[in-house]
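Chains as they are written, first to last, in this note's numbering: chain W, 1 to 287; chain B, 288 to 446.
The beta carbon of each residue, even a glycine, is placed where N, CA and C say it ideally should be.
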């Protein structure tokens, strides 16, 4: 009888813990929904506007699949540089031009050890199936002999694409890990896109998007109407004067409301000058 | 951009890329090109265009892709027994190639418009053949300064 009572008591205690946990979870959900404005009328929602929720795309919340490296913590693309290093096997020397060349280059940063990289090593053995964009060269980069086994890289390296063993390139391109891909525009030497994925199909899709975006930008640039020479010369003069005065592209003074008010009040010729100044600042910012 | 391997060093001019390597000896049972009994020696390939990976010692596979302004340079080392022999009696790596040195008949593989130049020499008791191909013979005066700069930046260490 005593054992039965003890057992019953234990079951009740466990149930109590479970119910407590459920109630707590429910309260947490209601609290989060309330923060997001759920269940409130639009007017009520705006009237009781609480601090905006933390953006879900903040760096702390952004996560990638565990087998691929997270993107580097920077606003812009990294740099591009020509590649110099050792060939697979660690005996021969290789240099590959990436910048100042007529073709674009996809630089694939791989490792002989990472599991995800194996899919790319395998894919690169079948060049025709890669469906590389026209006029694009693929170059594989691994770390140097200080971090990679030359014989392992030699076993994995595709025969149809250059493979360069160079640790320096990982720094030059600010690569967060392997696998990672950087798409470089050859003539300008600028990075058009970068990123990674679990397989070549996803990476190719990412790079195609970068290509399309770049192509659209080029197409739009081609459609721009050229300015009269006088306007061009005036803008260049203003740019030089602003630069000499220490006003750089993006300088807050170029966009300040105070300046606009002062100009409005001044009117006349000053207004014309101001409009030119704004035009030139946009050009500087874009250049 | 400096390259160094197998006792050869080169400092490439802007726009050039290169390889310094030794071809692996093919196995007797494999179908790879070459004689299983050969002893491969270093080969340097320099070019002002993107070198394909599948290249022959004297540029087959690469010269097919050349444009009018392209230059391909192959520095092929022969065995030590060849050094200072009659064919390799010239001393020192040539660094001043001129348009009149080039001819379509000097090409290993004749391709329309292309011209080649082949010079044998010895440097540091090492025997070499310098084989240069122009994508278009009429562009020689324009592109040879780049080739000469690449050659001037190349050093061969004595054996």
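Apart from the five residues just before and just after residue i, which ones in its own chain have a Cβ nearer than 7 Å to its Cβ?
{"i": "residue 55 of chain W", "result": "Legend: pLDDT at residue 55 of chain W = 45, less than 50; position of this residue unreliable, value from coordinates given subsequently. Cβ neighbours of residue 55 of chain W beyond the five flanking positions: none."}
{"i": "residue 170 of chain W", "result": "109 and 143"}
{"i": "residue 154 of chain W", "result": "88 and 89"}
{"i": "residue 9 of chain W", "result": "none"}
{"i": "residue 196 of chain W", "result": "68, 69, 179, 180, 181 and 203"}
{"i": "residue 120 of chain W", "result": "108, 110, 179 and 200"}
{"i": "residue 135 of chain W", "result": "103 and 104"}
{"i": "residue 348 of chain B", "result": "339, 341 and 342"}
Got a sec, what are the start and stop residues for the alpha helix (DSSP H) residue i sits in?
{"i": "residue 150 of chain W", "result": "150-156"}
{"i": "residue 240 of chain W", "result": "229-244"}
{"i": "residue 171 of chain W", "result": "167-172"}
{"i": "residue 128 of chain W", "result": "127-130"}
Suppose the cutoff is 8 Å on Cβ atoms and the five residues either side in sequence are ignored; what does the same chain contact list for residue i look like?
{"i": "residue 146 of chain W", "result": "167"}
{"i": "residue 130 of chain W", "result": "123, 124, 138, 200 and 204"}
{"i": "residue 44 of chain W", "result": "With a pLDDT of 46 at residue 44 of chain W, under the threshold of 50, the modelled position of this residue cannot be trusted; read the value that follows with caution. The answer is none, since no qualifying residue turns up."}
Find the nearest neighbour of residue i within the set the options, judged by alpha-carbon distance.
{"i": "residue 206 of chain W", "options": "W/185, W/181 and W/187", "result": "W/181"}
{"i": "residue 304 of chain B", "options": "W/99, W/27, W/125 and W/150", "result": "W/99"}
{"i": "residue 430 of chain B", "options": "B/357, B/368 and B/291", "result": "B/357"}
{"i": "residue 353 of chain B", "options": "B/345, B/341 and B/337", "result": "B/337"}
{"i": "residue 379 of chain B", "options": "B/445, B/349 and B/307", "result": "B/445"}
{"i": "residue 74 of chain W", "options": "W/209, W/194 and W/5", "result": "W/194"}
{"i": "residue 192 of chain W", "options": "W/7, W/11, W/29 and W/80", "result": "W/80"}
{"i": "residue 297 of chain B", "options": "B/370, B/330, B/310 and B/326", "result": "B/330"}
{"i": "residue 388 of chain B", "options": "B/310, B/306 and B/419", "result": "B/419"}
{"i": "residue 334 of chain B", "options": "B/359, B/291, B/367 and B/326", "result": "B/359"}
{"i": "residue 290 of chain B", "options": "W/239, W/15 and W/91", "result": "W/91"}
Kindly indicate the opening and closing residues of the beta strand (DSSP E) around residue i.
{"i": "residue 434 of chain B", "result": "Segment 427-439 is the alpha helix (DSSP H) holding residue 434 of chain B; no beta strand (DSSP E) there."}
{"i": "residue 117 of chain W", "result": "No beta strand (DSSP E) contains residue 117 of chain W, which is instead part of the alpha helix (DSSP H) from 115-124."}
{"i": "residue 136 of chain W", "result": "136-142"}
{"i": "residue 329 of chain B", "result": "329-334"}
{"i": "residue 306 of chain B", "result": "304-309"}
{"i": "residue 289 of chain B", "result": "289-292"}
{"i": "residue 405 of chain B", "result": "402-410"}
{"i": "residue 105 of chain W", "result": "104-109"}
{"i": "residue 100 of chain W", "result": "Looking at the DSSP string, residue 100 of chain W is not in any beta strand (DSSP E), and its letter there is neither H nor E."}
{"i": "residue 298 of chain B", "result": "295-298"}
{"i": "residue 255 of chain W", "result": "Note, residue 255 of chain W: premise wrong, no beta strand (DSSP E); not H, not E."}
{"i": "residue 325 of chain B", "result": "Per DSSP, residue 325 of chain B belongs to no beta strand (DSSP E) and is neither H nor E."}
Keeping to the same chain, check which residues put their C-beta closer than 6 Å to that of residue i; ignore five residues upstream and five downstream.
{"i": "residue 175 of chain W", "result": "109"}
{"i": "residue 423 of chain B", "result": "355 and 400"}
{"i": "residue 97 of chain W", "result": "82"}
{"i": "residue 288 of chain B", "result": "299"}
Is the region 357-364 of chain B in contact with the region 407-421 of chain B, if contact means three or more CB pairs nearer than 8 Å?
Yes, since at least three Cβ pairs between the region 357-364 of chain B and the region 407-421 of chain B fall closer than 8 Å, the two stretches touch.
Evaluate the contact criterion for the region 379-389 of chain B versus the region 435-442 of chain B: three or more CB pairs, one atom per stretch, below 8 Å.
The region 379-389 of chain B vs the region 435-442 of chain B: in contact.
Should the region 155-162 of chain W be called in touch with the region 110-130 of chain W, which here means at least 3 C-beta pairs below 8 Å?
yes
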